[in-house]
Structure formats: structure tokens, C-alpha cells
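Protein sequences, first through last, are from chains C and F.
With this note's numbering applied, the first sequence corresponds to residues 1315 to 1687, in that order.
With this note's numbering applied, the second sequence corresponds to residues 12 to 372, in that order.
C-beta: ideal position from N, C-alpha, C; glycine also.
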Amino acid sequence: MAELVLSKVDKIYRSRGKKSVHAVKAFDLTVKAGEIVALLGSSGCGKTSTLRMIAGFEDVTSGTITLGGREIHTLAPSARGVAMAFEAYSLYPPLTIGENIAFALKAAKLPVSEADAKVKDIARMLEISDILGKYPSSVSGGQQQRASLGRALVRSADLYLLDEPMGQLEPQLRAVLRGRIKHYLREHKCTTILVTHDQTEANALADRIAVMEDGMLQQYATPAELKARPANLFTGTFIGEPPMNIFDATPSIASGEVRFDLGNGNVLTYNVSELSDTVTALIAKMPQLVIGIRPHALHVAEGPIRATIMSCQWLGDQTHVAADVGGKTAVSVAHDRVDLSPGSDVSLSVSAADLHLFDPSTGHAIAHGSDMA
Amino acid sequence: MSQLALKSLSKSYGAFKVFDGLNLDAGSGEIVVIFGGSGTGKTILLRLIAGVEEPTAGTIELDGHDVSDIAPEHRNVGMAFQNFALFPHMSAAENIATPLKAQGKSADAVRAGIDRVAKLLKIDHVLGHAPRELSNGQKQRTALARALAAEPRILLLDDPLRNVDAKLRFEMRLELPRLLRQSGATVLYVTQDYKEAMALADRIAVLADGKFVQVATPEDIYLKPATLGVARLFGDPAINTAKTVIEMKNGMASAKVGGRDIPLPASLAAAAGRGITFGVRPEAVNILSPGSDGLTASVVAVTPLNERTVLLLQSPDGWEFLASLPASSTSIPEPETDVVVDFDPSGTHFFDSQSDERLHG
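What follows is the structure, given as C-alpha cells:
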């Protein structure tokens, strides 16, 4: 267990005759000892380059990486004290699943009985006890992925790097394994970096999530904070499934009321007392705003937004409602079952505490409803 | 009268049986989702209906007529695939025109047909583009437009959203029901995504082990799964299960789950002594206030899942199970604490431990 610090890390790929690619830009990140951090972003955002620099498969172009106070970015991969599970599994084909998992323990000269016990425990956790004697080529992709995870987790390391570790897992197992792995990482106080494009996985496992886009850190915060206080429109619309609803709005403040005109006669109106003074002052300065409303905060109920139901889809534990609001599709999600027929006219409501306000020119967040209460 | 009927339809390749004795009636304009894992034969079923492959036994009827002697191009069937399968050397418009031209439509009718579906699918601005210039979303819309262009009576969609990103898949899922209804076609829609199946289907036909295990509305599939297998395929996280035995205590049927007796429906009393699999959906696990009468479990981990929070719980006798509650719930516990839970009967299911078939109601 050790703290990882990335300081002003840059990665520029140069190849002759081609434009150089600035994949990671002045990236700062601190992962506290024992913390689980997710690097989250879509493909090309720089998360995999970052992971490869930490692991030592790529050089840093500039900047430093320290682990437990030790500069590691100049060390060989094997000298960094890092255990890694790969997206492509990378199991040794001539070794059984059990031998693959035990490999690093043998190399570390752990007594055989101790190594066996560790392998058995990790295999039980990952539900691969019954395939320990099989070869990688004879088991499913999901099983190979679990074996690859087991091989990384069974080791004792200063840092665990997990690259898309659960993408191939069988859906029926995924939720239980997420819980078990999170518990394991906590119990063993593993400092962990998880690289993923899947926000569900990041949210489930991580203490904090670093959202990356275009080689830059967009926001670094807990899953709850990312939801409640997105720093900009990018993280606001990127985090959350289904994504946040976005409206252009013209604000005005008069006779004790704050009004957001969304066009087409839809005007959100709140009493000034529902918003804090600071927020009201900020709004007063803005001729135009972008308002974000999460689908769970947009309710089909008596309210100021007129809408026509486009579809209403019950998924067992939630209902997704799509509604036409002045030619735009708005999405409302309810935890219970709702039946609304397509074509019917409804109204939508949202409370002041559930608004997210962004500056349309910069995309930066101006205020969040959670600040207003 | 059903518009599309499969009667004892079977397909084998040599000794390998893909499916055996499939029966299905789809009404005019109905959306039937064929749901199953990979390798269950969903695509082969569509190919039989399209006429590009022949069944080993059984018949396919359109409007009450056996189609075995009707050539594929005369079956009035439109098809779209997960890999889009656009002709690379043709523009989007030319791709969409192919079925219309195959029907010998006049140039004006072809143009009108293209315009109609292009507008519907919001691709009017990219009609002149070649497939390589289109985004995956636009490719997929173009493929759908081509399938819809000739106004087919039957529309076969083979996992059309599989290769588009999550955001677009979600948008299309909201939009598709309207598009499909407007087309008026009877739709067979293949997917492996249970949410897509529930969102789009009038009825879902669950294909497993070469059979339709259950053909029912999304509501019945979720609330009354016919087998343990069906119950496990629908729901995220998947249903919790525990093997147990029906016991009689003071004239009441009960079973031990997590080391505690839980009452069973009276109809199960007759089966006392029988081994069953108890199933409870994660969202039907209620967290009770501390000190309540219920099953005590320790919280192993707390994992947020979108707007819900999933708890990994363990009972004193070692049974692991999940609870899923709204993230806004005030009763979300900390890891390493104890909670008291009970099970909402509406999300509780009982299956025979031998046959995996549903036992009650």
C-alpha cells in the first residue's frame, strides 16, 4: 500500500512523417494509499496511455510519477511494484489457470502451501475454483478475464492496475463480483487504478473517479460528487445513465421570482427564496444559460413544462419515459412502474434543488441545485 | 388471423440441432422480440423467415399461406443486420433504393420512398454520402431505412443496435417503437440485451436450448418467469437464488433461506419435502429499520449502479445476495455494518430444483 502521485505528466507520440499526437497533457493525479481510483473516458481520451506510463510500458515525455515516495517512471516495469490485469487477459497459454494465478507467487518464493491457499481463496472469490486445472484456451472469455484479475490480485504489490477488468464478465455474475472485488481491495488496502470506459464499473468500484477527455483531466471527484456537482457540461452529460437533459434557457429575476425561459412557452419559475443569494446574483449576470436536469429529477407531474409522451418503457426496476418538449426529446426516469400512452399530453416538473446551471460560452458549471438548498 | 406463423419449425445442420419444434404466432403490426444468448440460433431463425435458408422441418406461414415455395424477394420481408451490411460503393440513397428498384418501382416512386424513410430516420442530410463517410449511428439508420423503404409486411431486425455506442443505443431504443409502429410492419427483433427486449417488445420469445422457453409480454416475463433460466436473464443485477426445501411447520409451508424460515405461498404446501430454488430480485430486498423482525445480514460492499445503489449482503450462514435500492434512499448502510431485511413477495419466485420450472402462480 503506497500513495501514487502523477505530476505534470505529458505523453507525446512522435512518428516520422506524421503529425505528433499529444495524448496526455500536464496530467496531475494523486491516488491515496489504499484508495481505489478509476480513470474514466471514451477511447482516445488518454486513459490507456496514462496506465501504460504508470506500468512502465511507455516512457513519460515529461513529468514525474512517484509511488510511495519513490520515483518510478524511470524504472523497468518489473521494478515498479505494480500488479496488472489486462483487458486482453494475457494469460500464459502453456500454464493452467491455477499455475497462471500462482506464477508471481512462485517467482516471489512463497512457500507452496501458502501460495496454494492464496490461489484457492482468490479462485473462490472469482468463481473459478472449478477451472484451475484447465488451460486458458479451453475456458470462456469471461473465465479468462477472471483468471487474469486473480493473477493480479493474488500478488502483493504497492499498486494494482486493472485495465477494463470486467468488460467480458458474464452479466449474471458482474454485480456480485463487483461487490466482492471492492471488498477485497478495501480489506487488503490495495492502492488501485482501474481504467475503464464503462461508467457503471467506475461508479461501482471507485472511491474517486478521474474523468478524462482529450488527454486532460476534466474532473476528479467521488461518484456522488460527480453526479451532484459536475464541473462542466462535459462531465455533466458524460456521467449519468440515461444522460442529463439539456435546455437552453433565458433567465430573468423579477418580483421575487427567478424565471428560466426554455422557449415554446415553457418557463421554470421559482421563488427567490428557493435559491441562495449567491446563485441569484450569478444568474442575474447571465443573459443565457444552459440548464441540466437529470432524468431522475425530471418528474411527470403537475409542472411548468408542457410535453407529449413519445415512449414509455418499463425495464423491471425502473421506467424510462421519453417526452417531446418543444421539438426536443426529454427523458424522465422513475424507480417504479409508470404507464403513459404515447401521444398523451403531460406536464413535467423539476425542483430548484435539482437544477444544474452552466455557462453556455465556456461550458463551466455556474451553480448546482445542491448548493441552493 | 396471425400474419406470421411458425409451425413446428426445426433446423439442423447434420446431427447438430439448432432448434426444434418452434411455434409462434405474430399478429399484424406486432413487435416480437426474439431474445437469447449468442449461439442460440436467433439469426438462423430470421434467415429461415427471409427465405435465404430452408427449415429442416415445419412451416412458415405469411397471412395463412405456407411460404416454402415463395422466393425470398417475393416474401415482402425487409431485413437489417447488426453489421449494417451496406453496399460500400453506393451512396446512402442508393442503398435505400435497392429494395424499391428490385420491386421495379418507377424513378419517381423510388425517390418518394427514399424521402419518406430518410425523413423518418433523420438522415435526409447524408443521403449523398458513401457508407465510409457515415458515422456508425448514421450507417445503422441507413440500414434501417433500407429495410423499411419497400414497406415490407414483415420486418426482420437482427440486433441492429449491437454495434452502436451506448448513448445512441439508448436514443434509438426510445425512438424505435414509434418508427416501427409507423411502418405498420410485423416485426421480429433479435437482441441479447434484456432492457432492449423489454423496452421494444409487445411480446418476448425467449430462445434457449433450441426451444422457446417462454413467449409472453415483458410484464409476464419479468414478474412470472417460466423458468429459473428466464428469471436470471432478465434483471440487472440478476435475481438472487438459494437452494432450499419446502417444509411444513404448524400447518404452514416455509423454507429456510439465509438460515431463517420464510413463509411460502399456501399453494406450495402440497409439495412439502420438495427441493426448490428460491429467487428474489435485488430490488425486492427491503432494508428494514434496525431491530425489526427479519433476516440479519452483514454489508460486504456498497456499489452504486446509476441512480440505484447495490449492496452485497451476507447472511450468518454464508448466503450471499444483492439488494438494489434507489440511490436517494435514506436507508443506505455503510460497509461492514449489519442490516435487517425482508423480501417483497411480488419479487419472490420459486422454481423446482430439478426442472428449474416455476412453481407458483
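Own chain residues within Cβ distance below 6 Å of residue i, not counting five before or after
i	result
residue 253/F	268, 289 and 330
residue 69/F	18, 19, 20 and 21
residue 1506/C	1350, 1474 and 1499
residue 1597/C	1565
residue 1547/C	1672 and 1677
residue 72/F	16
residue 1415/C	1433, 1464, 1465 and 1468
residue 286/F	256 and 364
residue 1688/C	Chain C is shown from 1315 up to 1687; residue 1688/C falls before or after that span and cannot be answered.
residue 1622/C	1638 and 1659
residue 198/F	42, 166 and 191
residue 111/F	121, 124, 160 and 161
Residue i CB to nearest heavy atom of the ligand NAP below 7 Å
i	result
residue 290/F	Absence of the ligand NAP is noted for the structure shown, with no ligands found whatsoever.
Cβ neighbours of residue i in the same chain (closer than 8 Å, five flanking residues each side left out)
i	result
residue 1457/C	1411, 1442 and 1445
residue 1369/C	1391, 1394, 1396, 1398 and 1475
residue 1469/C	1397, 1418, 1419 and 1422
residue 320/F	313, 314, 335, 336, 337, 338, 340 and 343
residue 1413/C	1406
residue 67/F	21, 22 and 23
Nonlocal neighbours in the same chain, by C-beta distance under 7 Å from residue i, ignoring five residues either side
i	result
residue 1666/C	1584, 1588, 1589, 1683 and 1686
residue 1378/C	1321, 1385 and 1387
residue 195/F	40
residue 1471/C	1395, 1396 and 1397
residue 383/F	In the structure as shown, chain F starts at 12 and stops at 372, and residue 383/F therefore has no counterpart that could be examined.
residue 29/F	22, 23, 52, 55 and 221
residue 1551/C	1557, 1558 and 1560
residue 265/F	258, 272, 273, 274 and 275
One or two residues paired with residue i in a DSSP bridge
i	result
residue 1627/C	1634/C
residue 349/F	309/F
residue 140/F	Beta-bridge pairing links residue 140/F to no other residue.
residue 1327/C	1335/C
residue 86/F	According to DSSP, residue 86/F bridges with nothing at all.
residue 233/F	Answer is none; residue 233/F lacks a bridge partner.
residue 225/F	217/F
residue 72/F	16/F and 77/F
residue 28/F	23/F
residue 1681/C	1671/C
residue 368/F	238/F
Taking 8 Å as the threshold, find out whether the region 1576-1583 of chain C comes into contact with the region 1638-1656 of chain C through three or more Cβ pairs. yes
Cβ pair count under 8 Å reaching 3, the region 44-56 of chain F against the region 215-234 of chain F: yes
Can you find at least 3 beta carbon pairs, one from the region 165-183 of chain F and one from the region 197-205 of chain F, that sit closer than 8 Å? yes
Entirely within the region 263-343 of chain F and at least 3 residues each: give me those beta strand (DSSP E) ranges in chain order. 263-268, 271-274, 286-291, 296-299, 306-316, 319-325 and 331-337
Residues, ordered as in the chain, of the region 1549-1569 of chain C that lie near chain F by beta-carbon distance below 8 Å: 1554, 1555, 1556 and 1557
In chain order, what residues of the region 74-92 of chain F put their CB closer than 7 Å to some CB of chain C? none
Would you check if the region 302-317 of chain F and the region 1484-1497 of chain C touch, i.e. whether three or more CB-CB distances between them fall below 8 Å? yes
Mind checking the region 1503-1527 of chain C against chain F and listing, in chain order, the residues whose C-beta falls within less than 8 Å of any C-beta there? 1514, 1517, 1518 and 1519
I want to know whether the region 101-110 of chain F touches the region 148-162 of chain F - three or more CB-CB distances under 8 Å. yes
Check each residue of the region 1414-1438 of chain C: if its Cβ is closer than 8 Å to any Cβ of chain F, include it; give the result in chain order. none
Using 8 Å as the Cβ pair cut-off and three pairs as the minimum, do the region 71-86 of chain F and the region 120-134 of chain F touch? no
Under 8 Å: do the region 31-40 of chain F and the region 129-145 of chain F share three or more Cβ pairs, one atom per stretch? no
Which residues of the region 1637-1666 of chain C have a Cβ closer than 8 Å to any Cβ of chain F? Give them in chain order. 1643, 1645, 1647, 1649 and 1656
Along the region 1351-1382 of chain C, what residues have a CB closer than 7 Å to any CB found in chain F? none
Runs of beta strand (DSSP E) lying entirely within the region 155-210 of chain F, each at least 3 residues, in chain order: 165-169 and 197-202
What beta strand (DSSP E) runs, 3 residues minimum, are completely inside the region 1384-1429 of chain C? 1396-1399
If the cut-off is 9 Å on Cβ atoms, which residues from the region 164-197 of chain F count as contacting chain C, listed in chain order? 176, 177, 178, 181, 182, 184, 185, 186, 187, 188, 189 and 192
Which runs of the beta strand (DSSP E) at least 3 residues long sit entirely within the region 1445-1520 of chain C? Give them in chain order. 1473-1477 and 1506-1510
Which runs of the alpha helix (DSSP H) fall wholly inside the region 1522-1579 of chain C and span at least 4 residues, in chain order? 1537-1542 and 1547-1552
By the 7 Å beta-carbon criterion, what residues does the region 323-339 of chain F contribute toward chain C? 323, 331, 333, 335 and 337
The region 21-33 of chain F: positions lying closer than 8 Å to chain C by Cβ: none
With 8 Å as the limit, tell me which residues of the region 1618-1631 of chain C have their beta carbon closer than that to any beta carbon of chain F; keep them in chain order. 1624, 1625, 1627, 1628, 1629, 1630 and 1631
Within the chosen definition, does the region 1519-1539 of chain C reach the region 1325-1341 of chain C through at least 3 CB pairs nearer than 8 Å? yes
Of the residues that make up the region 280-304 of chain F, which ones have a beta carbon closer than 7 Å to any beta carbon in chain C? 294
Give me the subset of the region 1383-1417 of chain C whose CB atoms are less than 7 Å from a CB atom of chain F, sorted by chain position. none
When the Cβ atoms of the region 1350-1365 of chain C are set against those of the region 1508-1515 of chain C, are three or more pairs found closer than 8 Å? yes
Give me the subset of the region 1528-1543 of chain C whose CB atoms are less than 7 Å from a CB atom of chain F, sorted by chain position. 1537
Check whether the region 155-164 of chain F and the region 80-91 of chain F touch, using three or more Cβ-Cβ pairs below 8 Å as the test. yes
Contact residues within the region 200-212 of chain F, judged by C-beta distance below 7 Å to chain C: 206, 209 and 210
Residues from the region 1456-1486 of chain C in contact with chain F, defined by Cβ distance under 8 Å: 1485 and 1486
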